[in-house]
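Number of protein chains: 2
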Amino acid sequence: MTVLEEMGKKAKEAARTLSIMGEEKNEALRLIADALIKNTDAILAANKLDVDNGRASGLSESLLDRLSLNKTRIEGMAQGVLDVAALPDPIGTVISGSKRPNGLNITKVRVPIGVIGIIFEARPNVTSDAASLCLKSGNAVILRGGKEAINSNKCIADVMRDALNKSKLDRNCIQLIEDTTRRSSVELMSLTEYLDLLIPRGGAGLIKAVVENAKVPVIETGVGNCHIYVDESADIDMAANIIYNAKTSRPSVCNAIETILVHKNIAEKALPVIKARLDEKNVELRGCELTRKILGDSVILAKESDWSTEYLDYILAVKVVDSIDEAIAHIAKYSSGHSECIVTSDYRNATRFKNEIDAAAVYVNASTRFTDGGMFGLGAEIGISTQKIHARGPMGLNELTSMKFIIEGDGQIR
Amino acid sequence: MTVLEEMGKKAKEAARTLSIMGEEKNEALRLIADALIKNTDAILAANKLDVDNGRASGLSESLLDRLSLNKTRIEGMAQGVLDVAALPDPIGTVISGSKRPNGLNITKVRVPIGVIGIIFEARPNVTSDAASLCLKSGNAVILRGGKEAINSNKCIADVMRDALNKSKLDRNCIQLIEDTTRRSSVELMSLTEYLDLLIPRGGAGLIKAVVENAKVPVIETGVGNCHIYVDESADIDMAANIIYNAKTSRPSVCNAIETILVHKNIAEKALPVIKARLDEKNVELRGCELTRKILGDSVILAKESDWSTEYLDYILAVKVVDSIDEAIAHIAKYSSGHSECIVTSDYRNATRFKNEIDAAAVYVNASTRFTDGGMFGLGAEIGISTQKIHARGPMGLNELTSMKFIIEGDGQIR
Chain V
36 MTVLEEMGKK AKEAARTLSI MGEEKNEALR LIADALIKNT DAILAANKLD VDNGRASGLS
96 ESLLDRLSLN KTRIEGMAQG VLDVAALPDP IGTVISGSKR PNGLNITKVR VPIGVIGIIF
156 EARPNVTSDA ASLCLKSGNA VILRGGKEAI NSNKCIADVM RDALNKSKLD RNCIQLIEDT
216 TRRSSVELMS LTEYLDLLIP RGGAGLIKAV VENAKVPVIE TGVGNCHIYV DESADIDMAA
276 NIIYNAKTSR PSVCNAIETI LVHKNIAEKA LPVIKARLDE KNVELRGCEL TRKILGDSVI
336 LAKESDWSTE YLDYILAVKV VDSIDEAIAH IAKYSSGHSE CIVTSDYRNA TRFKNEIDAA
396 AVYVNASTRF TDGGMFGLGA EIGISTQKIH ARGPMGLNEL TSMKFIIEGD GQIR
Chain C
36 MTVLEEMGKK AKEAARTLSI MGEEKNEALR LIADALIKNT DAILAANKLD VDNGRASGLS
96 ESLLDRLSLN KTRIEGMAQG VLDVAALPDP IGTVISGSKR PNGLNITKVR VPIGVIGIIF
156 EARPNVTSDA ASLCLKSGNA VILRGGKEAI NSNKCIADVM RDALNKSKLD RNCIQLIEDT
216 TRRSSVELMS LTEYLDLLIP RGGAGLIKAV VENAKVPVIE TGVGNCHIYV DESADIDMAA
276 NIIYNAKTSR PSVCNAIETI LVHKNIAEKA LPVIKARLDE KNVELRGCEL TRKILGDSVI
336 LAKESDWSTE YLDYILAVKV VDSIDEAIAH IAKYSSGHSE CIVTSDYRNA TRFKNEIDAA
396 AVYVNASTRF TDGGMFGLGA EIGISTQKIH ARGPMGLNEL TSMKFIIEGD GQIR
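Here is the structure:
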């Protein structure tokens, strides 16, 4: 047995006892939150190793920022764990049920998925975040973080596992893979005997690699090439305001927009207003010919590749379209199926957009930045699914569960 | 572009228009049912080619039976299509919704998955069956059947596509891959740009190959190593009756049982009664040492491999267990997670079994043969999922859908 197979076996055993736990899970989560605070110094010392290594190997400032922990961030992690403990337990919820004509009672109930693998990059807070969501939903978790954060992740995982020792839960409900070479992630993707689900959390490259190589079931998360279509009937100030928010409030996240489509009949009036707002943050515009005719040569001419790029930066592609049909067709062609928005005052166009756009979140007159588990009222999220199987959009605790049918009879045969 | 990429592209286009259809889908299904009946002679002629080829190449009688069509079977296929047309349309159903504190209205609605691939073996009726379920749930389908049935499948697919020509639907809502070499199935499994879901329907070998090789999302169906545990408190006649039904009413299907576990305190009384019933159908028993002590040497000694074998035949493995704990542990180790049953009169043991057994369908005092979309009241099914993601147990129309969030605002920003 390889190290990972051993871990898989232990996780499966841990998952079996975890599946019937109730309040014991919340108690364990509170012990974990406590332990994170109590071990702040040790976690910060381990984190310093990672940050020093990262700086020495030339990580960018924004990556170093994601990697760095401090007292406040660890308090935030602990509070996150407590917040998850306070959420309602999804396990055992009755989803549906009926009595069949032959007298059988059939009930469909929520059960844990079993063993979940999480592959993530250089954000050590994901360790406690993902582990607590998996644990609350009754799943054992195997974490595989990026090498940049390995010292932090090991320390955090040890703290959590030691806390589990004081609880009624098996410490193997949480395990961390210490090997951060490509070998371990490839093996994790092939662990069909033990892993019920694998969730990659990170950039487009990581997600593509997992989708291409995994033999276990995967949920894709995160890539967002999001659009706002400004209909000819739009309130221009509302459009400018929503675009400004969706582009500049946090450009590095997946629910930020990357392209706006503007109806030709409103473009001459709307584009200057939109540009004026975006100029406040020096957003670089890459526009079609018509956009440049209206806004001038300061707008860079967009190339074909701009329509499919997730900039995650202060850059926005702009296209003038002839009709809502062209807007819908453009989105169908280039969207990653994350969040799409129409700004309109026209009822029929709003309805068409809602019906015809195929994305996890379809907006009318609101910023795409709301695509988030907390904002949607799910309490917490483990990611935003951009695939259509199992879960789509923000994934909360319910999305970390499976179901089973319970059939009760009195000797019925078929 | 390869042939399959062309098909994928056409399917994606067809799926886009199909996604907003309503009654047009039912009209198309009725046209298909009609066309199947009208073209009975052509279908039978094509089927005769397949059956003759199959006989010449030495297919077994049971495979030839699965492959063979006749007038009654084609009427059954047409009726199946009409039955699907009569089911409620899942698309557009509101799954949940809420008004958020900031005034956003969020509604989660059912939408089609998009393009579904089905890989199946030598049963031509799957062609119309799978196509009608996909179409009703708003999905374009790409079918890839086994080479043994290629003439039948081509004829049936042509008949269906010609019927779509008379409807408001794109004929490319249904497409059949004519290349039945391994190449085409491998390429289909890798068609990530166009395929949203792949469902294999067939034996364990086919399903394993798809799970191991597919890059697109897959739902595993069908493998059933199912157990009945006879608790010490069981009504012996009920147990014998359920076992007889679950083993012999149709041994070749996935919800038939393969092993029974009998509590030691009831084994001496129960096993002879159970054996007497099974003897009516000459069921071969493969038992543990204790079973043989009770039933005699006519029972073959079970090997380790018997506990994990899906016989799909008149063979049953028998094990005497010390306790319900041993029964639960045995099932946890060997079950394929399909259907598991306890026969008991004890409330606590029934409750433990329901809670602790991890399977798609968990039975108390009823035959496992009920695990079936029709029997569960789903109207029809495309298969029984034995994985935990997206769908588990019988998959009806709802399980062939995805969802999207619609967020309606009045200028909200974050």
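Chain order of the listed sequences is V and C.
Take the position in the first sequence, starting the count at 1, then add 35; the result is the number in my numbering.
Take the position in the second sequence, starting the count at 1, then add 35; the result is the number in my numbering.
Glycine included, C-beta positions come from ideal geometry on N, C-alpha and C.
List, in order along the chain, the chain V residues whose C-beta lies closer than 7 Å to that of residue 258(C)?
Working through the second sequence from its first residue, we reach residue 258(C) at position 223. Near residue 258(C) there are no residues of chain V at all, since even the closest Cβ is about 13 Å away, more than 7 Å.
Report the start-end ranges of each alpha helix (DSSP H) in the stretch 247–290 of chain C that is 4 residues or longer and not cut off at the edges.
Within the stretch 247–290 of chain C, the complete alpha helix (DSSP H) runs of at least 4 residues are 271–283.
List the endpoints of the continuous alpha helix (DSSP H) containing residue 157(C).
As a working mapping, residue 157(C) is identified with position 122 in the second sequence. Run containing residue 157(C): none; DSSP gives neither H nor E here.
So, does the CB of residue 273(C) fall closer than 7 Å to a CB anywhere in chain V?
As a first step, residue 273(C) is located in the second sequence; it is residue number 238 there, counting from the start. By this cut-off, residue 273(C) is an interface position.
Quick one, which residues of the stretch 371–391 of chain C are near chain V if we go by CB-CB under 7 Å, in chain order?
Cβ contacts with chain V: 389, 390, 391.
Residue(s) in a DSSP beta bridge with residue 440(C):
By one-based count along the second sequence, residue 440(C) stands at place 405. Answer is 396(V), 143(C), bridged to residue 440(C).
Using a 10 Å radius around the Cβ and a threshold of 16 neighbouring Cβ atoms, would you call residue 386(V) buried or exposed?
By one-based count along the first sequence, residue 386(V) stands at place 351. Exposed.
Look up residue 178(C) in the DSSP assignment and give the residues it is bridged to.
Position 143 of the second sequence, counting from 1, holds the residue named residue 178(C). Beta-bridge pairing links residue 178(C) to 153(C), 211(C).
Listed in chain order, which residues of the stretch 176–197 of chain V have Cβ atoms closer than 9 Å to some Cβ of chain C?
Residues passing the 9 Å Cβ filter: none.
From residue 184(C) to residue 313(C), what distance separates their C-alpha atoms?
Mapped onto the second sequence, residue 184(C) falls at position 149. Mapped onto the second sequence, residue 313(C) falls at position 278. Answer to the nearest angstrom: the Cα atoms are 35 Å apart.
Going along chain A in order, which residues have a C-beta closer than 8 Å to the C-beta of residue 227(V)?
Of the protein chains in this structure, namely V and C, none is chain A.
Which residue from 320(V), 341(V), 340(V), 339(V) puts its Cα closest to that of residue 331(V)?
If you number the first sequence from 1, residue 331(V) lands on position 296. It is 320(V).
Around the C-beta of residue 114(V), are 16 or more other C-beta atoms found within 10 angstroms, so that it is buried, or is it exposed?
Here the question's residue 114(V) lines up with position 79 in the first sequence. With fewer than 16 Cβ atoms within 10 Å of its Cβ, residue 114(V) is classed as exposed.
Do residue 47(C) and residue 150(C) count as a contact pair if the criterion is CB distance below 7 Å?
Counted from its first residue, the second sequence places residue 150(C) at position 115. Counted from its first residue, the second sequence places residue 47(C) at position 12. Yes, the pair counts as a contact, with Cβ atoms nearer than the cut-off.
Quick check on the burial criterion: 16 or more other C-beta atoms within 10 angstroms. Buried or exposed for residue 200(V)?
The residue you call residue 200(V) lines up with position 165 of the first sequence. Exposure of residue 200(V) is indicated by the presence of fewer than 16 other C-beta atoms within 10 angstroms of its C-beta.
Helix or strand or just coil, what does DSSP make of residue 298(C)?
Here residue 298(C) refers to the residue found at position 263 of the second sequence. DSSP places residue 298(C) in strand when its eight states are reduced to three.
By the three-class DSSP mapping on this structure, what secondary structure does residue 315(C) have?
Reading the second sequence from its first residue, position 280 is the one you call residue 315(C). Reduced to three states, the DSSP call for residue 315(C) is coil.
Does residue 399(V) get closer than 7 Å to chain C when you measure Cβ to Cβ?
Against the first sequence, residue 399(V) aligns to sequence position 364. It does; some Cβ of chain C falls within 7 Å.
List the endpoints of the continuous beta strand (DSSP E) containing residue 378(C).
Along the second sequence, read from residue 1 onward, the residue named residue 378(C) stands at position 343. For residue 378(C), the uninterrupted beta strand (DSSP E) segment begins and ends at 374–378.
Residues of its chain near residue 212(C), where Cβ-Cβ distance is below 6 Å and the 5 sequence neighbours each way are ignored:
Counting from one through the second sequence, the residue named residue 212(C) turns up at place 177. Cβ neighbours of residue 212(C) beyond the five flanking positions: 179, 219.
Taking the continuous beta strand (DSSP E) assigned at residue 430(C), which residues delimit it?
Locating residue 430(C) in the second sequence gives position 395, counting from the first residue. 428–430 is the extent of the beta strand (DSSP E) around residue 430(C).
Got a sec, what are the start and stop residues for the alpha helix (DSSP H) residue 356(C) sits in?
Position 321 of the second sequence, counted from the start, is the residue given in the question as residue 356(C). For residue 356(C), no alpha helix (DSSP H) encloses it; the enclosing beta strand (DSSP E) starts and ends at 350–356.
Pull up the distance between the alpha-carbon of residue 371(C) and that of residue 418(C), whole angstroms please.
For this step, residue 371(C) is matched to residue 336 along the second sequence. For this step, residue 418(C) is matched to residue 383 along the second sequence. Between the alpha carbons of residue 371(C) and residue 418(C) lies a gap of roughly 15 Å.
Determine the contact status of residue 308(C) and residue 269(C), defining contact as a CB-CB distance below 7 Å.
By 1-based counting over the second sequence, the position of residue 308(C) is 273. By 1-based counting over the second sequence, the position of residue 269(C) is 234. No, Cβ-Cβ distance for residue 308(C) and residue 269(C) is not below 7 Å.
Could you work out which residue in 267(C), 393(C), 406(C) is closest to residue 378(C) when comparing CA atoms only?
Within the second sequence, the letter at position 343 stands for residue 378(C). Distance check between residue 378(C) and each of 267(C), 393(C), 406(C) places 267(C) closest, using alpha-carbon atoms only.
Between the alpha carbons of residue 286(C) and residue 59(V), how many angstroms are there, rounded?
As a first step, residue 286(C) must be located in the second sequence, where it is residue number 251. As a first step, residue 59(V) must be located in the first sequence, where it is residue number 24. For residue 286(C) and residue 59(V), the distance between alpha carbons rounds to 43 Å.
State yes or no: is the C-beta of residue 74(C) within less than 7 Å of the C-beta of residue 194(C)?
In the second sequence, the residue the question calls residue 74(C) occupies position 39. In the second sequence, the residue the question calls residue 194(C) occupies position 159. Less than 7 Å separates the beta-carbon of residue 74(C) from that of residue 194(C).
Using only alpha-carbon positions, find the residue among 230(V), 251(V), 395(V), 305(V) that is nearest to residue 264(V).
Here the question's residue 264(V) lines up with position 229 in the first sequence. Minimum Cα distance to residue 264(V) is reached at 305(V).
Any chain V beta carbon closer than 7 Å to residue 36(C):
The sequence position of residue 36(C) within the second sequence is 1, counting from 1. Taking Cβ atoms only, chain V never reaches closer than 7 Å to residue 36(C), which makes this a no.
Let me make sure I understand the geometry here. Which of 68(C), 119(C), 65(C), 146(C) has the alpha-carbon closest to that of residue 391(V)?
For the purposes of this step, residue 391(V) is taken as residue 356 along the first sequence, with counting starting at 1. Comparing Cα-Cα distances from residue 391(V) to each of 68(C), 119(C), 65(C), 146(C), the minimum goes to 146(C).
So if DSSP puts residue 447(C) in a beta bridge, which residue, or which two residues, is it bridged to?
If you number the second sequence from 1, residue 447(C) lands on position 412. DSSP lists 401(V) as partners of residue 447(C).
For residue 310(V), name the three-state secondary structure that DSSP assigns.
Translated into positions along the first sequence, residue 310(V) becomes position 275. Here residue 310(V) sits in helix by DSSP.
Using a beta-carbon distance below 7 Å, is residue 280(C) in contact with chain V?
Taking the second sequence and counting its residues from 1, the one referred to as residue 280(C) is at position 245. By this cut-off, residue 280(C) is an interface position.
With distance defined between alpha-carbon atoms, name the residue in 358(C), 64(C), 336(C), 373(C) nearest to residue 204(C).
As a first step, residue 204(C) is located in the second sequence; it is residue number 169 there, counting from the start. If we check each option's Cα against that of residue 204(C), 64(C) comes out closest.
Please report how far the alpha carbon of residue 99(C) lies from the alpha carbon of residue 111(C), in whole angstroms.
Walking along the second sequence from the start, residue 99(C) turns up at place 64. Walking along the second sequence from the start, residue 111(C) turns up at place 76. Put simply, the backbone Cα of residue 99(C) is about 18 Å away from that of residue 111(C).
Pairs of beta-carbons, one from the stretch 358–372 of chain C and one from the stretch 285–300 of chain C, closer than 8 Å: are there three or more?
Touching, yes.
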